[in-house]
Amino acid sequence: MQSSASPSDDRSPSSSEPKTLRAVNRRRFASFRSIFALMLREMQTTYGRSPGGYIWALLEPVAGIALLTIIFSIGFRAPPLGPDFAPFYASGIVPFLFFTAVSTKVSQSIQFSRQLLAYPSVTFVDAILARILVNTMTQAIVGYVVFTGVLVFYDMRGSLDFAAIILSFAMTAALATGVGTLNCFLILKFPVWQIIWAILTRPLFLISCIFFLFDGIPQPYQDWLWFNPLVHVVGVMRSGFYASYDASYASVAYVMAISMIGLVVGLLFLLRYHRDLLDR
Numbered sequence: 001m002q003s004s005a006s007p008s009d010d011r012s013p014s015s016s017e018p019k020t021l022r023a024v025n026r027r028r029f030a031s032f033r034s035i036f037a038l039m040l041r042e043m044q045t046t047y048g049r050s051p052g053g054y055i056w057a058l059l060e061p062v063a064g065i066a067l068l069t070i071i072f073s074i075g076f077r078a079p080p081l082g083p084d085f086a087p088f089y090a091s092g093i094v095p096f097l098f099f100t101a102v103s104t105k106v107s108q109s110i111q112f113s114r115q116l117l118a119y120p121s122v123t124f125v126d127a128i129l130a131r132i133l134v135n136t137m138t139q140a141i142v143g144y145v146v147f148t149g150v151l152v153f154y155d156m157r158g159s160l161d162f163a164a165i166i167l168s169f170a171m172t173a174a175l176a177t178g179v180g181t182l183n184c185f186l187i188l189k190f191p192v193w194q195i196i197w198a199i200l201t202r203p204l205f206l207i208s209c210i211f212f213l214f215d216g217i218p219q220p221y222q223d224w225l226w227f228n229p230l231v232h233v234v235g236v237m238r239s240g241f242y243a244s245y246d247a248s249y250a251s252v253a254y255v256m257a258i259s260m261i262g263l264v265v266g267l268l269f270l271l272r273y274h275r276d277l278l279d280r
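Here the sequence shown is numbered in full-length UniProt numbering, starting from 1 and rising by one per residue.
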């Protein structure tokens with residue numbers, strides 16, 4: 001005598017699999033929509049609906065390069081590399097401002113989207129990714145415009161190593177993401193950290209080899225400055241601008257290790273504590 005099959009017996013693993021896949025696909029689609037909406041909000045809030053906001057983002061590095069060129073051309077006949085001051089300072093100040101802008105924005109991601117994180121479809125990862133994408137693209141465009149203007153004006157197009165320039169931009173983006181993600185947790189956990197970090201990083205403008213070459217620094221200060229990851233970023237950028245410059249001291253692995261440590265540690269702590277910190 002055959003026993004009648006129950007409804008639960010008719011459901012095989014293969015029949016339940018599409019439901020799981022559809023749930024995953026719906027979540028991914030919702031996440032993409034959330035990130036895109038947060039990106040639009042970021043662009044509208046930060047830069048406004050008119051091109052004026054983006055013009056200000058472009059004017060900051062241009063004004064910095066012009067000011068440094070005027071000041072140092074008065075006191076010195078030639079920069080440490082090349083015959084012109086503007087390309088030398090552009091290759092230093094653009095990656096520095098890239099790092100500063102993106103890392104600062106990423107560190108404030110959850111605070112900026114605190115109210116939206118109350119919705120189940122919006123996660124803290126969405127908020128961080130949206131800020132990374134918007135500000136990285138903005139700074140990359142700013143760098144492209146500034147470098148194009150400098151290179152055309154000073155006719156340096158024949159000596160460029162585009163692979164090194166792109167690598168420097170990638171290193172800057174990775175470093176800004178890692179440092180910004182770690183600071184995102186630290187600022188939520190210890191609000192005073194935002195002030196402490198601002199004080200600690202003020203000397204970076206002077207010790208990131210924007211005004212001088214790492215090779216010309218005497219010992220033991222050269223060994224100390226080597227631990228500043230921005231020194232490596234600027235060194236790789238300058239090797240892309242000047243074919244005669246060999247930034248053998250620059251370590252891509254070191255910068256990427258710092259970036260990954262900051263990113264992983266920041267995400268782990270945010271995953272564990274972000275709800276508790278938001279409810280405070």
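No residue lacks a Cβ here, since even glycine has one placed at the ideal position from N, Cα and C.
Subject >> the segment 120-127 touching the segment 164-182, judged by at least three CB pairs closer than 8 Å >> reply: no
**OP:** With DSSP as the reference, label R41 as helix, strand or coil.
**Re:** Against the sequence shown, residue 41 aligns to sequence position 41. Three-state DSSP puts R41 in a helix.
**OP:** Pull up the distance between the alpha-carbon of I207 and that of N228, whole angstroms please.
**Re:** Stepping through the sequence shown from its first residue, residue 207 is reached at position 207. Stepping through the sequence shown from its first residue, residue 228 is reached at position 228. Using only the alpha carbons, I get a separation of about 8 Å.
**OP:** Just mark A63 as buried or exposed, buried being the case when its beta carbon has 16 or more other beta carbons within 10 Å.
**Re:** The count along the sequence shown starts at 1 and reaches residue 63 at position 63. A63 comes out exposed.
Original post:
How about L97 and P61: are their beta carbons less than 9 Å apart?
Top reply: Here the question's residue 97 lines up with position 97 in the sequence shown. Here the question's residue 61 lines up with position 61 in the sequence shown. Contact flag set, yes.
Subject >> Three-state secondary structure assigned by DSSP to W224 >> reply: As a first step, residue 224 must be located in the sequence shown, where it is residue number 224. Here W224 sits in helix by DSSP.
Original post:
Taking just the CA atoms, how far does V231 sit from W197?
Top reply: For the purposes of this step, residue 197 is taken as the residue at position 197 of the sequence shown. For the purposes of this step, residue 231 is taken as the residue at position 231 of the sequence shown. Computed Cα separation, rounded: 19 Å.
**OP:** Determine the direct distance from the alpha carbon of L270 to that of L277, and round the result to whole angstroms.
**Re:** Start at 1 with the first residue of the sequence shown, and residue 277 comes out as number 277. Start at 1 with the first residue of the sequence shown, and residue 270 comes out as number 270. Rounded to whole angstroms, L277 to L270 spans 9 Å at the Cα level.
Original post:
When you compare only the Cα positions, how much space is there between V255 and V233?
Top reply: Taking the sequence shown and counting its residues from 1, the one referred to as residue 255 is at position 255. Taking the sequence shown and counting its residues from 1, the one referred to as residue 233 is at position 233. Roughly 8 Å separates the two Cα atoms.
Original post:
How far does the alpha helix (DSSP H) with S103 in it reach, from first residue to last?
Top reply: Within the sequence shown, numbered from 1, the residue matching residue 103 stands at position 103. Element bounds for S103: F85 to S107.
**OP:** Can you give me the Cβ contacts of M43 inside the same chain, cut-off strictly under 8 Å, excluding the 5 residues immediately before and after it?
**Re:** Reading the sequence shown from its first residue, position 43 is the one you call residue 43. Closer than 8 Å at Cβ, skipping near neighbours: V134.
**OP:** Please state if the CB of A86 and the CB of F153 are separated by a distance shorter than 9 Å.
**Re:** Here the question's residue 153 lines up with position 153 in the sequence shown. Here the question's residue 86 lines up with position 86 in the sequence shown. Going by C-beta atoms, F153 is nearer than 9 Å to A86.
**OP:** Measure the C-alpha to C-alpha separation of R77 and L67 and round it to an integer number of angstroms.
**Re:** Locating residue 77 in the sequence shown gives position 77, counting from the first residue. Locating residue 67 in the sequence shown gives position 67, counting from the first residue. Cα to Cα, R77 sits roughly 16 Å from L67.
Original post:
Are the beta-carbon atoms of F36 and L160 separated by less than 9 Å?
Top reply: On the sequence shown, position 36 is the one that residue 36 refers to. On the sequence shown, position 160 is the one that residue 160 refers to. Result no, Cβ atoms of F36 and L160 do not sit closer than 9 Å.
**OP:** Rank V192, A90, T104 and A250 by C-alpha distance to the C-alpha of L59 and give the top, closest one.
**Re:** Within the sequence shown, residue 59 is the residue found at index 59, counting from 1. It is A90 whose Cα lies nearest to the Cα of L59.
Subject >> Through-space distance from I217 to D246, alpha-carbon basis >> reply: Sequence index remark: in the sequence shown, residue 246 carries index 246 (1-based). Sequence index remark: in the sequence shown, residue 217 carries index 217 (1-based). Their Cα atoms are separated by approximately 15 Å.
Original post:
Does the beta-carbon of A250 have 16 or more other beta-carbons within 10 angstroms, so that it is buried, or is it exposed?
Top reply: Here residue 250 is taken as the residue at index 250 of the sequence shown, counted from 1. Buried.
Subject >> Straight-line gap, K105 to K189 (C-alpha atoms, nearest Å) >> reply: Indexing the sequence shown from 1 puts residue 105 at position 105. Indexing the sequence shown from 1 puts residue 189 at position 189. Whole-angstrom Cα-Cα distance: 17 Å.
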